[in-house]
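K.L.:
If you want my numbering, it's the position in the sequence shown, counting the first as 1, plus 24.
Beta carbons are placed, not taken as given, at the ideal position from N, Cα and C, and that holds for glycine.
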Amino acid sequence: MNSRRVIRFICHICAPYWFLLPALAIYIAFMTYPLIDSFVISLHKWDGLSSDWTFIGFKNYIRFFKDPISLSALKNNLIWIVFILAIPISLGLTLASILNRKITGRTIFRSIFYSPAVFPLVSVGIIWVWIYNPTFGALNEFLRIIRLSSLTHGWLAERQTALYCVIITAIWQSTGFSMILFLAGLQGIPKELYEAAQLDGAGSFKCFRYITIPLLQEMFIIVACLLIATSLKIFDLVYIMTWGGPARSTQVLATWMYFNTFLYHNAGYGSAIAFIMACIVLLITYPYVRLMSRR
Numbered sequence: 025m026n027s028r029r030v031i032r033f034i035c036h037i038c039a040p041y042w043f044l045l046p047a048l049a050i051y052i053a054f055m056t057y058p059l060i061d062s063f064v065i066s067l068h069k070w071d072g073l074s075s076d077w078t079f080i081g082f083k084n085y086i087r088f089f090k091d092p093i094s095l096s097a098l099k100n101n102l103i104w105i106v107f108i109l110a111i112p113i114s115l116g117l118t119l120a121s122i123l124n125r126k127i128t129g130r131t132i133f134r135s136i137f138y139s140p141a142v143f144p145l146v147s148v149g150i151i152w153v154w155i156y157n158p159t160f161g162a163l164n165e166f167l168r169i170i171r172l173s174s175l176t177h178g179w180l181a182e183r184q185t186a187l188y189c190v191i192i193t194a195i196w197q198s199t200g201f202s203m204i205l206f207l208a209g210l211q212g213i214p215k216e217l218y219e220a221a222q223l224d225g226a227g228s229f230k231c232f233r234y235i236t237i238p239l240l241q242e243m244f245i246i247v248a249c250l251l252i253a254t255s256l257k258i259f260d261l262v263y264i265m266t267w268g269g270p271a272r273s274t275q276v277l278a279t280w281m282y283f284n285t286f287l288y289h290n291a292g293y294g295s296a297i298a299f300i301m302a303c304i305v306l307l308i309t310y311p312y313v314r315l316m317s318r319r
């Protein structure tokens with residue numbers, strides 16, 4: 025009798041965890057195992073195809089911090105992050121503030137500004153490659169129309185401009201995403217706060233500074249973490265638009281990892297780059313996860 029009660033008690037305690045098993049199994053299969061396997065591979069010299077594995081310890085990680093191409097790719101990722109944080113956040117907040125007001129056609133404008141965020145990055149890359157085309161691209165054609173032919177360039181073919189052109193494409197694609205998140209945050213702020221502030225004589229700027237900005241702090245953290253994580257993992261745009269060129273001027277960590285793993289048959293070094301990327305992303309997204317757990 026006592027054994028039955030113990031079994032029932034254990035089943036009662038464990039019942040909720042059985043419902044977590046499918047999700048836990050998927051997480052382990054597609055997240056935990058690949059991460060551990062990637063780390064194990066990174067400790068070996070392996071071409072990704074043969075059964076010949078040579079254990080080399082942390083030499084791939086040491087190589088990463090001595091490799092000028094890897095450091096250049098990391099620098100390009102950091103430049104990318106600076107622009108992605110500065111411009112889409114400021115533009116997204118500005119657009120959200122405007123489109124949160126009762127203006128004619130605001131639903132249409134919201135859809136227009138948000139639409140680039142739902143386009144596949146491959147499609148976005150192809151569209152902007154056409155825009156930047158030196159012969160018949162829309163950008164150079166526009167410069168010729170306004171009689172600024174001297175400013176026409178092979179935008180994606182020159183080292184000085186290629187990286188920034190790809191970043192501009194990413195800004196165009198991610199601004200709408202920031203706008204929607206800030207718009208959701210703005211709609212969660214009680215209107216009574218603004219009405220009370222206006223009764224006390226506060227203008228639009230003071231309301232924005234002392235009410236909007238403080239109450240959107242959590243949303244700023246969320247948007248920043250998501251944009252940084254996306255910037256560190258960026259692959260599609262660079263691969264489609266420049267393939268890491270010209271002269272590796274647009275090479276980022278994700279493309280460099282891909283080239284090493286699948287083109288140069290250096291899976292160990294590629295896995296080391298991937299594991300370093302994963303660690304950086306986990307470190308940066310920690311504030312976001314902590315904030316979500318508090319809520």
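Quick one: measure Cβ to Cβ for Thr176 and Leu167, integer angstroms, because I've assumed they're closer than 8 Å.
P.N.:
For the purposes of this step, residue 176 is taken as the residue at position 152 of the sequence shown. For the purposes of this step, residue 167 is taken as the residue at position 143 of the sequence shown. About 5 Å; that satisfies the 8 Å criterion.
K.L.:
From Gln241 to Tyr288, what distance separates their C-alpha atoms?
P.N.:
Taking the first residue of the sequence shown as position 1, residue 241 is located at position 217. Taking the first residue of the sequence shown as position 1, residue 288 is located at position 264. The straight-line gap from Cα to Cα measures roughly 44 Å.
K.L.:
If you drop the 5 nearest sequence neighbours on each side, which residues of the same chain put their C-beta closer than 7 Å to that of Ile150?
P.N.:
Along the sequence shown, read from residue 1 onward, the residue named residue 150 stands at position 126. Closer than 7 Å at the Cβ level, and outside the excluded window around Ile150, lie Ile264.
K.L.:
Which of helix, strand or coil does DSSP assign to Phe43?
P.N.:
As a working note, residue 43 is residue 19 in the sequence shown. Three-state DSSP puts Phe43 in coil, outside helix and strand.
K.L.:
Under 8 Å Cβ to Cβ from Gly292, same chain only, skipping five residues before and after it: list those, please.
P.N.:
For the purposes of this step, residue 292 is taken as the residue at position 268 of the sequence shown. Excluding residues within five positions, the ones whose Cβ falls inside 8 Å are Ile65, Ser66, Leu67, His68, Lys69, Trp70, Ile80 and Asn84.
K.L.:
Kindly indicate which residue of Phe232, Phe206, Phe143 and Met203 has the alpha-carbon position closest to the one of Leu217.
P.N.:
Position 193 of the sequence shown, counted from the start, is the residue given in the question as residue 217. It is Phe232.
K.L.:
Below 8 Å on the Cβ atoms is my contact criterion, and I expect Phe259 with Ile195 to pass it. Report the Cβ-Cβ distance as a whole number of Å.
P.N.:
Along the sequence shown, read from residue 1 onward, the residue named residue 259 stands at position 235. Along the sequence shown, read from residue 1 onward, the residue named residue 195 stands at position 171. Not a contact, Cβ separation roughly 17 Å.
K.L.:
If you measure from the CB of Asn290, is any heavy atom of the ligand FMN nearer than 8 Å?
P.N.:
This structure lacks the ligand FMN; in fact it carries no ligand of any kind.
K.L.:
Apart from the five residues just before and just after Ala296, which ones in its own chain have a Cβ nearer than 8 Å to its Cβ?
P.N.:
By one-based count along the sequence shown, residue 296 stands at place 272. Correct list, in chain order: Ser66, Asn84, Tyr85, Arg87 and Phe88.
K.L.:
Are the CB atoms of Tyr312 and Ile235 nearer to each other than 9 Å?
P.N.:
Locating residue 312 in the sequence shown gives position 288, where the first residue counts as 1. Locating residue 235 in the sequence shown gives position 211, where the first residue counts as 1. Cβ distance not < 9 Å, so Tyr312 and Ile235 don't count as in contact.
K.L.:
Helix, strand or coil for Thr78 per DSSP?
P.N.:
Counting from one through the sequence shown, the residue named residue 78 turns up at place 54. Thr78 falls in the strand class under three-state DSSP.
K.L.:
Excluding the 5 residues flanking Asn164 on each side, which residues of the same chain have their C-beta closer than 7 Å to its C-beta?
P.N.:
For the purposes of this step, residue 164 is taken as the residue at position 140 of the sequence shown. Excluding sequence neighbours, Asn164 sits near Pro158 and Thr176.
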